[in-house]
Amino acid sequence: LRAVEWAPPLDDGGLDIVAYRIWVRPYTASKADGVDWIEVGQVRHDQAGVQRAEIHTADLNRSISRYLCAVAAINGAGEQGPMTPDGACLPLPN
51 LRAVEWAPPL DDGGLDIVAY RIWVRPYTAS KADGVDWIEV GQVRHDQAGV QRAEIHTADL
111 NRSISRYLCA VAAINGAGEQ GPMTPDGACL PLPN
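Residue numbering for the sequence shown follows the working numbering, starting at 51 and increasing by one per position.
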C-alpha cells in the first residue's frame, strides 16, 4: 500500500472539484501512450486542502519496480486529466 498526496489545482474552471481519479503506468524512459495508464482509484475532494489517495500495490505487476502516478480532477464539467507531466515517480516495491 502506498499513499500519494497532492495540492488541488489552482484553477477549477469555475466549477467546484468533487473528486479525483488516480492513474499509474510503468515507469519508462519514453513517453507512454494513453492506453498504458491504469486507473487505480477515485477519491472525493477534501475541502481541507491536501488531497490523499492510497494505491494498493498488490493489484499491480510486482515485476515492475517503479510506476508514474497521475491525477485527474473531476468537476461538474467533467474530468480533466489524467495526462499530467511525467514528473511524479511513485516507487513501488518488487
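Note that beta-carbon positions come from the ideal geometry of N, C-alpha and C, so glycine has one too. It should be emphasised that the depicted structure is a prediction, and the values quoted were computed from it without experimental measurement.
- In chain order, Ile72, Val74 and Ile105 place their CB closer than 6 Å to the CB of Val90, counting only its own chain and leaving out the 5 sequence neighbours on each side.
- Here the alpha carbon of Arg52 sits roughly 11 Å from the alpha carbon of Cys119.
- Here DSSP, grouped into helix, strand and coil, assigns Ala57 to coil.
- Residue environment analysis places Gln97 among the exposed positions, since fewer than 16 neighbouring C-beta atoms fall within 10 angstroms of its C-beta.
- According to the DSSP assignment, Gln130 belongs to the beta strand (DSSP E) that extends over Gly128 to Gln130.
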